[in-house]
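Under this note's numbering, the very last position in the sequence shown is 680; numbers go up by exactly one each time.
Backbone N, C-alpha and C fix where the C-beta goes; we use that ideal spot for every residue, glycine too.
None of these values were measured; they are calculated from a predicted model.
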Amino acid sequence: MSIEGILDPNDPELKESMKFLTMTTEERIKLQAQPFDGKKACWVPDPKESFIAAEIVETQGEEVTVKTSKGDSLTLKKDDVQQMNPPKFEMCDDMANLTYLNDASVLHNLRERYKNWLIYTYSGLFCVAINPYKRLPIYTMKVVMMYRGKKRTEVPPHLFAIADNAYSNMLRDRENQSMLITGESGAGKTENTKKVIQYFAYVAAASVKKGEGKKQIHISNHVYV
């Protein structure tokens with residue numbers, strides 16, 4: 456199969472994969488069109504959901520009265536209220552771009568992306584992965600070729616983008632590269648390590664077929680509990 460065929464945007468298999476990698480333009484426009492008042496919209500603590508959306512009703516000294524998305528009226532200390540980002544940042548690919556990089560905004564962004572099966576999100580140099588507990592069609596050879604040789608800003612967040620960056624740096628600089636995959640038990644460290652190895656295997660095999668010669672990759676997998 457040619458690379459052109461693999462990267463055909465109308466390819467049914469690739470279109471199915473893209474559902475789990477990025478939002479459509481229409482979906483993003485709809486999110487960004489939500490009403491928003493930056494002076495009133497905020498996040499407040501919640502015992503069940505950690506943080507919920509709220510609207511500031513009144514401010515007196517160091518206390519703020521808010522009406523939550525659940526309809527409750529609460530009076531909190533100013534320090535307990537966190538600012539909310541405008542709708543243009545809803546489900547953003549890279550949380551380093553958020554205007555307000557607070558706990559509530561980070562959790563909201565990851566939670567909303569996860570609800571829409573977007574399990575990979577960048578946070579600056581890091582790639583955050585949330586275990587979907589089901590197999591998604593985002594690790595095929597066609598997806599591999601979509602990420603091969605691309606800049607992170609040119610493609611949706613994915614572990615493959617991190618792997619490709621390391622692979623490209625190795626070829627260009629002729630120096631060893633390291634990737635740290637960390638997380639709690641059950642987070643998906645082992646599975647993501649397998650996907651990195653899978654990516655290297657696919658790319659190395661494709662390079663040999665194109666006559667670039669053989670390349671040898673040594674994987675050292677250290678898991679810390």
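message: Applying the 10 Å Cβ sphere with the 16-neighbour rule, what's the burial state of Pro502?
response: Exposed, by the Cβ-count rule.
- prompt: Along the chain, where does the beta strand (DSSP E) that runs through Leu531 open and close?
  reply: Element bounds for Leu531: 528 to 532.
query: For the putative contact between Leu486 and Met539, defined by C-beta atoms under 8 Å, what is the C-beta separation to the nearest angstrom?
result: Contact between Leu486 and Met539 fails: their C-beta atoms lie close to 14 Å from each other, not under 8 Å.
message: Do Val536 and Val512 count as a contact pair if the criterion is CB distance below 8 Å?
response: No, these two residues do not count as a Cβ contact at 8 Å.
C-beta contact flag for Met550 and Thr576 at 8 Å: In this structure, Thr576 lies closer than 8 Å to Met550 by Cβ.
- prompt: Do you know whose CA, among Ala616, Val599, Thr479, Lys533, lies nearest Lys495's CA?
  reply: Looking only at Ala616, Val599, Thr479, Lys533, the smallest Cα-Cα distance to Lys495 is reached by Lys533.
task: Measure how close the beta-carbons of Ala618 and Val651 come, nearest whole angstrom, since I'm counting them as under 8 Å.
output: That belief holds up - the Cβ atoms of Ala618 and Val651 are roughly 5 Å apart, short of 8 Å.
- prompt: If you count every other CB in all the chains shown that lies within 10 Å of the CB of Ser633, and 16 or more means buried, which is it?
  reply: Ser633 is exposed by the Cβ-count criterion.
Phe506 versus Thr477: straight-line alpha-carbon distance, rounded: Distance between the alpha carbons of Phe506 and Thr477: 25 Å.
query: Quick one: is Ala488 buried, meaning 16 or more other Cβ sit within 10 Å of its Cβ, or exposed?
result: Residue environment for Ala488: exposed (fewer than 16 other C-beta atoms within 10 angstroms of its C-beta).
- prompt: Per DSSP, which one or two residues make a beta bridge with Pro500?
  reply: Under the DSSP definition of a beta bridge, Pro500 partners with Phe506.
Continuous beta strand (DSSP E) stretch holding Tyr577: start and end: Note, Tyr577: beta strand (DSSP E), 575 to 578.
query: Of the residues Glu639, Asp628, Ser578, Gly641, which one's Cα is nearest the Cα of Leu614?
result: Considering only alpha carbons, the answer is Ser578.
query: What residue from Gln653, Arg607, Tyr569 has the CA that sits closest to Leu580's CA?
result: Looking from the CA of Leu580, the closest CA among Gln653, Arg607, Tyr569 belongs to Arg607.
- prompt: Along the chain, which unbroken stretches of the alpha helix (DSSP H) at least 4 residues long are found entirely within the stretch 580 to 641?
  reply: Within the stretch 580 to 641, the complete alpha helix (DSSP H) runs of at least 4 residues are 596 to 602, 614 to 628.
task: To the nearest angstrom, report how far apart Asn647 and Ile636 are at their CA atoms.
output: Linking Asn647 to Ile636 through their CA atoms gives a straight-line distance of about 8 Å.
field: For Lys649 and Ile585, the rounded distance between their alpha carbons
entry: Spanning the two alpha carbons is a distance of roughly 16 Å.
Beta-carbon proximity list for Val599, same chain, < 7 Å, skipping 5 on both sides: Counting only Cβ-Cβ distances below 7 Å, and skipping sequence neighbours, we find Phe615, Tyr654, Tyr657, Val658.
- prompt: Which residues in the same chain have their Cβ closer than 7 Å to the Cβ of Lys470, if we skip the five residues on either side of it in sequence?
  reply: Sequence-distant partners of Lys470 (beyond 5 residues in either direction) whose C-beta falls short of 7 Å from its own C-beta are missing from its chain.
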